[in-house]
Structures are given as C-alpha cells and as structure tokens.
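As structure tokens, the structure follows; a few thoughts come after it.
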Amino acid sequence: MTASAPPPHTLSVAPMMDWTDRHCRAFHRTLTRRTLLYTEMVTTGAILHGDRERHLGFGSAEHPVALQLGGSDPAALAECARIAQDWGYDEVNLNCGCPSDRVQSGAFGACLMGTPDVVARAVEAMRGATTLPVTVKHRIGIDDLDSYDHLTRFVGTVAEAGCGTFIVHARKAWLSGLSPRENREIPPLRYEVVRQLKADFPHLTVVLNGGVPTLEAAREHLAWAAGVMIGRAAYGDPFILAAADRDVFGEKATPSTRREAVEAFLPYVAAQLEQGQPLNRMMKHTLGLFTGQPGARHWKRTLSERGHLPGAGLDVVREALAGVPDSVLDARPGVGESQAV
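Quick note on numbering: full-length UniProt numbering labels position 50 of the sequence shown as 50, and the sequence is numbered without any gaps.
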C-alpha cells in the first residue's frame, strides 16, 4: 500500500473506539469516496508490541485513511509514525481529547492538554520520523484549564513544533466526575470558541468536531471552518454520508442508494467470512442504515438476532434486505439532503 497525497480535511468521520474499525471504514467507503476516514485510537504499545496486522491492517479502498495514535512518549510516537507510513496511511493523528480513565492512567489523551510542551515534543519527534501530515485532535479545555488563553497557548505551542492541522472537539472535558459518554454530551458545545481560534490562527487548518448531525450542518460550519468532522451521527445514521461527495466535495457523482451500498459491501463481507470473521462483526456497522425508514426494525432485528449465530452468512443479509420496501432501498438523497425521505 502507498499513501496518496495529503488528504483534505473538508469532511471526515471521527475516530471512535469500538466503532471505526476496518469493517466500518469499508462500509463507509460504499457511501462516500472522498470523506477522510480514521482508525480507532491505537496505543503506541499495541503497535510496538502487539499484532500489527490486527491493529493496522486496512484495505486499499479505504484511502484516504488516517491512523490515530494514543501515547505521550516522543520516541514511541515517532516510531509508530514511521510504521504508519510504512503501512501506507495518509496521515498520523495524535489523540489529545479522549477523557477515559484508561487513557488518563497512561498519561495521554485529553490530559495532554495540560502539558502543551509534551505534545510539542511528541509532534516534533513524529514529524522527524515521517513525511506524512501529523495532526492533533483535542478539546477546547480540560477541568479548570478551560480558558481561551490556555487553549491558544496549547495550539500556539504545538503549532510551533510543526503541526498545521488541529481537529477541535468544541467541548471541554472533565477528567474526573464524568464518564467518556457523559463527556460527549454534558459539557456544552461552544462552536464560537473554535470559530475564534480559526480567526486567531488563520494560517492553521482548524477542523470542527462535536455535535454535527447532518451534511447541511457541516456545510454551514464550512463557511468558516477549514473542515468538519462528523462523529456519532455518521455511525447512527450512516446514510447521511451518501450525498457527501456531491454536496460537500462538489462532485457530479450520483449518490448511492441503500441497496447499492449493501450490495457493494457484500464482497468485502464474503471475503471476511472466509477468513473466519463472524457476520455480526461486519454488519453491526450497517444497523443504522435505515434509520427513520420503513423496514428499519426488520433490518436491525434480523441482523441482530441471526448475525451472531454460527454459520451466519450472506443469506441473513438477503433476508434482512427482503423486509425493506423497494422505495426505501432505491431512494437517493435529493439535492441538499443527507438522507432520503
């Protein structure tokens, strides 16, 4: 595998633990060719001492695809950045936003916002080890370090080390007292902070993340942001990505229908089944494909109840499709719409 040119950050799907694995990315590619995709966060220890094929393997159809790293040791991060380039990734991203206890105990993730010098040294080391773009994903603050001055000091310090792209989750994180899920919902979204950051650092690529529910909302933010990262919305209702290449990237491409997306995914599923992967591991990423549509319940119930059974194969997917009306299966997003109606 060889990496392509540096990917644009116009639209991307957020790295999400237990979600954006290679099966998820393969499915998302049936809906959008241009949207930048990310791996789940992978720790430096897992890469340096674990099964690299399991942690890093991906298909050529997933490009553009970025590897998100979790870690704080500059030497380890630099070695992982070098490995990422060898494996053919298009970008390496450092996680400075995850608030989970496990991440905190390893002194990385969101807690790194409290030590901008550490992040700067890590970025500098990573850039010295690879020609890939090195980017940082972070919050607007943590705990009581939530002033705008602290945010600009963090960004300025890391930018001086050579980072040109900052993906900013427009919420602060509470490292004690809130669970990771609560940290995605309770601290208020403050888009105005990210907008001010872009104004104060016009030479940087500032990408907005957090609470963006549709392509329409993404386009509104793109009036000022260099890019928008969609998270849970792209997982809960993946069909919002079907119009991305046309409505966000300006291509003349015809958006996929839901039927076309499933049919395009099936060869990948069949190949994974031959390698011993259970059906439900792939198809769980499609459960939201018919969100809000007739037949959605049948689709989810069939895949959920039968997809985990020994020997479950493409016949289960066909049965699930059979319960969805043709009018839903063959609908395409209209101009300016991110899902069919």
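A virtual CB, placed ideally from N, CA and C, is assigned to each residue, including glycine. Please read all numbers here as calculations on a predicted model, not as lab measurements.
Range covered by the beta strand (DSSP E) that runs through residue i
| i | result |
| --- | --- |
| Gln-68 | 65-70 |
| His-221 | From DSSP, His-221 is part of no beta strand (DSSP E) but of the alpha helix (DSSP H) over 215-221. |
| Val-207 | 205-209 |
| His-138 | 134-139 |
| Ser-12 | 11-13 |
CB-CB length for residue i against residue j, believed under 8 Å
| i | j | result |
| --- | --- | --- |
| Leu-36 | Ser-12 | 4 Å |
| Ala-110 | Arg-139 | 6 Å |
| Tyr-38 | Asn-95 | So it is not a contact: roughly 10 Å between Cβ atoms. |
| Val-168 | Leu-208 | 6 Å |
| Arg-22 | Gly-59 | 7 Å |
| Thr-135 | Glu-91 | 6 Å |
| Ala-225 | Val-206 | 6 Å |
Status (buried if at least 16 other CB within 10 Å, exposed otherwise) for residue i
| i | result |
| --- | --- |
| His-63 | buried |
| Ala-107 | exposed |
| Asp-18 | exposed |
| His-49 | exposed |
| Gly-231 | buried |
| Ala-170 | buried |
| Arg-318 | exposed |
| Met-16 | buried |
Through-space distance from residue j to residue i, alpha-carbon basis
| i | j | result |
| --- | --- | --- |
| Met-1 | Leu-273 | Caution is warranted here: a pLDDT of 40 is assigned to Met-1, below 50, making its placement in the model unreliable, and the coordinate value is therefore given only provisionally. When rounded, the distance between both Cα atoms is 23 Å. |
| Cys-163 | Leu-56 | 23 Å |
| Val-194 | Asp-146 | 13 Å |
| Ser-9 | Tyr-89 | The amino acid at residue 9 is misidentified as Ser; the sequence shows His. Roughly 15 Å between the two C-alpha positions. |
| Leu-112 | Val-158 | 11 Å |
| Leu-151 | Lys-137 | 13 Å |
| Val-316 | His-298 | 12 Å |
Opening and closing residue of the alpha helix (DSSP H) in which residue i lies
| i | result |
| --- | --- |
| Phe-265 | 258-274 |
| Met-126 | 116-129 |
| Gly-162 | No alpha helix (DSSP H) holds Gly-162; DSSP gives it neither H nor E. |
| Glu-53 | 52-56 |
Below-7 Å beta-carbon distance, residue i vs any chain B residue
| i | result |
| --- | --- |
| Leu-151 | Annotation note: the requested chain B is absent from the structure, which comprises a single protein chain. |
Exercise for the section: Flag this pair as touching only if the stretch 322-331 and the stretch 304-312 have three or more C-beta atom pairs under 8 Å; answer yes or no. Expected result: no
Handout entry: At least 3 beta-carbon pairs within less than 8 Å: the stretch 220-230 vs the stretch 274-289
Key = no
Practice task
Pair every Cβ in the stretch 191-204 with every Cβ in the stretch 235-251, then say whether three or more of these pairs are closer than 8 Å.
Solution key: no
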